[in-house]
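Participant:
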Amino acid sequence: MSEKNVSHCPQEERTLQRGIHPWHVSLIAIGGIIGSCYFLGSGYTINEIGPSIVAAYLIGGLVIYAVMQSFGELLVNVPRRGSFVSYAKEFIGESFACGAGWAYWINWVGYVPAEAVACGIIMNTFIPGNIVLYSVIALLLITIVNLYHVTWFGHIESILSIMKIAAIAIFSVCAILIIFGVIGGEPIGLSILYHPEVGWYRSLFPHGSWVMITTMVMILVNFQGSEIVGLAASETQDPEKNIPLACRRVAYRIILIYIIPLALLVMILPYEKANLEDSVFSMALAMYGMRWAAGFFSVIVMIAAFSCANSGVYGTVRALYGLASEGLAPKAFLKLNKYNVPQIATIFTIIPMWLFIPCAYYFGEGAFYTMILGMAGFTGTVCWGGIIAAQLIMRRKLKKRGYDPNEVLTVKTQLHPVLPAIGLFVIVVGLLFMAFQPDLLSAFIFSVAWTAGPMVIYKVLKTMGKTRSVRTLAADEVAFDDKFPPLNGNL
1 MSEKNVSHCP
11 QEERTLQRGI
21 HPWHVSLIAI
31 GGIIGSCYFL
41 GSGYTINEIG
51 PSIVAAYLIG
61 GLVIYAVMQS
71 FGELLVNVPR
81 RGSFVSYAKE
91 FIGESFACGA
101 GWAYWINWVG
111 YVPAEAVACG
121 IIMNTFIPGN
131 IVLYSVIALL
141 LITIVNLYHV
151 TWFGHIESIL
161 SIMKIAAIAI
171 FSVCAILIIF
181 GVIGGEPIGL
191 SILYHPEVGW
201 YRSLFPHGSW
211 VMITTMVMIL
221 VNFQGSEIVG
231 LAASETQDPE
241 KNIPLACRRV
251 AYRIILIYII
261 PLALLVMILP
271 YEKANLEDSV
281 FSMALAMYGM
291 RWAAGFFSVI
301 VMIAAFSCAN
311 SGVYGTVRAL
321 YGLASEGLAP
331 KAFLKLNKYN
341 VPQIATIFTI
351 IPMWLFIPCA
361 YYFGEGAFYT
371 MILGMAGFTG
381 TVCWGGIIAA
391 QLIMRRKLKK
401 RGYDPNEVLT
411 VKTQLHPVLP
421 AIGLFVIVVG
431 LLFMAFQPDL
441 LSAFIFSVAW
451 TAGPMVIYKV
461 LKTMGKTRSV
471 RTLAADEVAF
481 DDKFPPLNGN
491 L
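In full-length UniProt numbering, the protein residues as written are 1 to 491.
(1) Measuring CB atoms only, is the stretch 57 to 67 touching the stretch 289 to 309, in the sense that at least three cross pairs come out at less than 8 Å?
(2) Could you give the uninterrupted runs of the alpha helix (DSSP H) lying entirely in the stretch 81 to 112, keeping only those of 4 residues or more?
(3) Sort out for me which residues DSSP pairs leucine 336 with in a bridge.
(4) Between alanine 112 and alanine 284, is the Cβ-Cβ spacing less than 8 Å?
(5) Buried or exposed for leucine 487, please, with buried defined as at least 16 other CB atoms from any protein chain shown within 10 angstroms of its CB.
(6) Determine, using beta carbons only, whether phenylalanine 39 and phenylalanine 205 come nearer to each other than 8 Å.
(7) Hey, alanine 103 and tryptophan 450 are a contact pair by Cβ (cut 8 Å); roughly how many whole angstroms apart?
(8) Taking phenylalanine 480 as the reference, which of Pro417, Ala88, Ala116 has the closest Cα?
(9) For glycine 61, which option in Gln343, Pro420, Pro187 has the closest C-alpha, if you only look at C-alpha atoms?
(10) Residue range of the alpha helix (DSSP H) that lysine 483 falls in?
(11) Within the same chain, show all residues whose beta-carbon is closer than 6 Å to that of isoleucine 254, passing over the 5 residues directly before and after it, in chain order.
(12) How far does the alpha helix (DSSP H) with valine 313 in it reach, from first residue to last?
(13) What three-state label does DSSP hand leucine 473 in the structure shown?
(14) With alanine 56 as the anchor, note down where its alpha helix (DSSP H) starts and where it stops.
(15) Look at the alpha carbon of serine 42 and the alpha carbon of leucine 262, and state the distance between them as a whole number of angstroms.
(16) At the level of alpha carbons, what is the spacing between valine 456 and leucine 441?
(17) Would the stretch 187 to 202 and the stretch 397 to 411 be scored as touching if the rule is three or more Cβ pairs under 8 Å?
(18) Can you look up valine 280 in the DSSP assignment and give me helix, strand or coil?
(19) Since I believe valine 426 is in contact with methionine 212 (beta carbons under 8 Å), could you give me their beta-carbon distance rounded to a whole number of angstroms?
(20) For alanine 376 and glutamine 437, I'd like the C-alpha separation in whole angstroms.
(21) Report the start-end ranges of each alpha helix (DSSP H) in the stretch 389 to 473 that is 4 residues or longer and not cut off at the edges.
(22) For glycine 327 and leucine 473, I'd like the C-alpha separation in whole angstroms.
(23) What are the boundary residues of the alpha helix (DSSP H) that valine 136 is part of?
(24) With three or more beta-carbon pairs closer than 8 Å as the criterion, would you say the stretch 70 to 77 touches the stretch 407 to 418?
(25) If you check the beta carbons only, do alanine 372 and glycine 110 fall under 8 Å apart?
(26) Quick one, which of Met353, Gly35, Leu432 has its alpha-carbon nearest isoleucine 137's?
(27) By DSSP, does tyrosine 38 sit in helix, in strand, or in coil?
(28) Starting from the C-beta of residue 508, find all residues in its chain whose C-beta is less than 8 Å away, skip the five residues before and the five after it, and write them out in chain order.
(29) Within the continuous alpha helix (DSSP H) that includes tyrosine 181, where are the two ends?
(30) Apply the 10 Å Cβ neighbour rule to phenylalanine 126 and answer buried if 16 or more other Cβ atoms are within range, or exposed otherwise.
(31) In the DSSP assignment, find the unbroken alpha helix (DSSP H) run with proline 261 in it and report its ends.
(32) What distance in whole Å lies between the Cβ atoms of leucine 320 and tryptophan 105, which are believed to be in contact at a cut-off of 8 Å?
(33) If we call anything under 8 Å between Cβ atoms a contact, is isoleucine 188 one with leucine 58?
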């Protein structure tokens, strides 16, 4: 990129502040992916796939590991406030960056009110009242948190993450005690998981193995939120150390938080009983006499819904801020309030969420919730694919310019290029085959429209000369072309 297309913020102009502490980063990374779709949405995927859900989540975990490794390399070596939006523009193309960024934004605009309504529905079971009022209160609290100093966002999300992780640990201990007969009276061992009359394959893959591919996007949606680590990079203290560490730890902790609890879950709960009507975790424990589980996990689902919505607002506002810094959204979205929070971007994001609450309330269950999950899975997965593709293209450009990536990159993707290639392949296949899942077809069509629409609009506006060509960089940022100019005439 030529110097004329890059501008640095004036020294007196305020930019995002590093108010997220090191201990926040890992908890935000893990807590962001434990939303209500983990406690509720898992019922859909378990019912669709069966006990082999564990294998599907292992594949999903591998994809996330590839994404986070690629993200860590980009974030440290070419730091950006816009994170995945900036990398998509620099290494893939501005149209793709515009489409992916705005699709990510509209996804959370619809998803956050759904989570707020979930809070209202659950709160209504404890204190009967007005669900809409409870939903409005939840969204009001989220609005306040996201307009205040980012340090408080880090504190609140970290505390909520600890509570969600503790709930998963409690479930895992109870499930182990059930399996060995300490709870429930009789050891059940593998009796629910394995049926001798049909054999191991039919027991683990009751609907065949192909369904793991067609529902892969619904598996990946459970990991959405992990990219918030990258969106928070510009507000994280000592990012060179803490961001790569958080990216590595995400994959390890996915095994503890997703794989092991789900393996225990399918060992105590027949897959055909899983659904979206209640938390599969409370349903499983209630089967063995633990009636307290229903109330306990209702509280946890409410916490998870609030936390996920809170993280979603934070992440999508930073994505919008990134779009503005790249010239893909109005420059007004770069304006910060006295707490150094993107105020106009936050208000612009929150207002349609408030307007969306009646829709989310009216359609709050069943097909609509499934569609929202499908949209989240599609748009989030497109962004992840963009992250991996940007990292692969950056490596290729470095080599063409005469650099040895192993020497010039301070943080490097592990198992490159095999790991990123596998991750990108699964992402592309999962997105394509989403169209073959009847329950997800409407979500697929809507998501494609919301991704392609901004691309077309941007192309038209650019043709009309209505777009900004200047990238606004902070004082500690540098364009890839400036940091790695061609050596010895290489292009």
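Even for Gly, the Cβ is constructed at its ideal location relative to N, Cα and C.
Small disclaimer: the values here were computed from a predicted structure and weren't measured.
Facilitator: According to the structure data:
(1) no
(2) 84 to 91
(3) Numbered from 1 along the sequence shown, position 336 holds the residue referred to as residue 336. Its beta-bridge partners are Pro342.
(4) Within the sequence shown, numbered from 1, the residue matching residue 112 stands at position 112. Within the sequence shown, numbered from 1, the residue matching residue 284 stands at position 284. The sequence shown places valine at residue 112, not alanine. No.
(5) If you number the sequence shown from 1, residue 487 lands on position 487. Flag for leucine 487 reads exposed.
(6) Position 39 of the sequence shown holds residue 39. Position 205 of the sequence shown holds residue 205. Not a contact, by the Cβ cut-off of 8 Å.
(7) For the purposes of this step, residue 103 is identified with residue 103 of the sequence shown, where counting begins at 1. For the purposes of this step, residue 450 is identified with residue 450 of the sequence shown, where counting begins at 1. Yes, they are in contact, since the Cβ atoms of alanine 103 and tryptophan 450 sit about 5 Å apart, within 8 Å.
(8) The residue given as residue 480 occupies position 480 in the sequence shown. Checking every option, the nearest Cα to that of phenylalanine 480 belongs to Ala88.
(9) Residue 61 sits at position 61 when you count from the first residue of the sequence shown. Among Gln343, Pro420, Pro187, the Cα nearest to that of glycine 61 belongs to Pro420.
(10) Taking the first residue of the sequence shown as 1, we reach residue 483 at position 483. Run containing lysine 483: 480 to 483, per the alpha helix (DSSP H) assignment.
(11) Indexing the sequence shown from 1 puts residue 254 at position 254. Excluding positions up to five away in sequence, the list reads Gly61.
(12) Counting from one through the sequence shown, the residue named residue 313 turns up at place 313. Its alpha helix (DSSP H) spans residues 292 to 325.
(13) Residue mapping note: residue 473 aligns to position 473 of the sequence shown, counting from 1. DSSP places leucine 473 in strand when its eight states are reduced to three.
(14) Position 56 of the sequence shown holds residue 56. Run containing alanine 56: 53 to 77, per the alpha helix (DSSP H) assignment.
(15) Indexing the sequence shown from 1 puts residue 42 at position 42. Indexing the sequence shown from 1 puts residue 262 at position 262. Those two C-alpha atoms are separated by around 9 Å.
(16) Position 456 of the sequence shown holds residue 456. Position 441 of the sequence shown holds residue 441. So the two alpha carbons sit approximately 22 Å from each other.
(17) no
(18) In the sequence shown, the residue the question calls residue 280 occupies position 280. DSSP places valine 280 in helix when its eight states are reduced to three.
(19) Within the sequence shown, residue 212 is the residue found at index 212, counting from 1. Within the sequence shown, residue 426 is the residue found at index 426, counting from 1. Not a contact, Cβ separation roughly 11 Å.
(20) For this step, residue 376 is matched to residue 376 along the sequence shown. For this step, residue 437 is matched to residue 437 along the sequence shown. Going by the C-alpha atoms only, they are around 16 Å apart.
(21) 405 to 408, 418 to 433, 441 to 463
(22) On the sequence shown, position 327 is the one that residue 327 refers to. On the sequence shown, position 473 is the one that residue 473 refers to. Near 11 Å, if we compare the C-alpha coordinates of leucine 473 and glycine 327.
(23) Numbered from its first residue, the sequence shown carries residue 136 at position 136. Here the alpha helix (DSSP H) through valine 136 covers 131 to 147.
(24) yes
(25) As a working mapping, residue 372 is identified with position 372 in the sequence shown. As a working mapping, residue 110 is identified with position 110 in the sequence shown. Going by the sequence as given, residue 372 is isoleucine instead of alanine. A contact, by the Cβ cut-off of 8 Å.
(26) The residue you call residue 137 lines up with position 137 of the sequence shown. Per the Cα distances, Met353.
(27) As a first step, residue 38 is located in the sequence shown; it is residue number 38 there, counting from the start. Tyrosine 38 falls in the helix class under three-state DSSP.
(28) Residue numbering for the chain in the displayed model covers 1 to 491; residue 508 lies beyond these limits and cannot be assessed.
(29) Taking the sequence shown and counting its residues from 1, the one referred to as residue 181 is at position 181. Note on identity: in this sequence residue 181 is glycine, with tyrosine being the wrong assignment. Premise fails: glycine 181 is in no alpha helix (DSSP H) and is neither H nor E.
(30) Within the sequence shown, numbered from 1, the residue matching residue 126 stands at position 126. Phenylalanine 126 is exposed by the Cβ-count criterion.
(31) Residue 261 sits at position 261 when you count from the first residue of the sequence shown. Proline 261 -> alpha helix (DSSP H) spans 260 to 268.
(32) Stepping through the sequence shown from its first residue, residue 105 is reached at position 105. Stepping through the sequence shown from its first residue, residue 320 is reached at position 320. Right, the Cβ-Cβ distance comes to about 6 Å (below 8 Å), so this counts as a contact.
(33) The residue labelled residue 188 in the question sits at position 188 within the sequence shown. The residue labelled residue 58 in the question sits at position 58 within the sequence shown. Result no, Cβ atoms of isoleucine 188 and leucine 58 do not sit closer than 8 Å.
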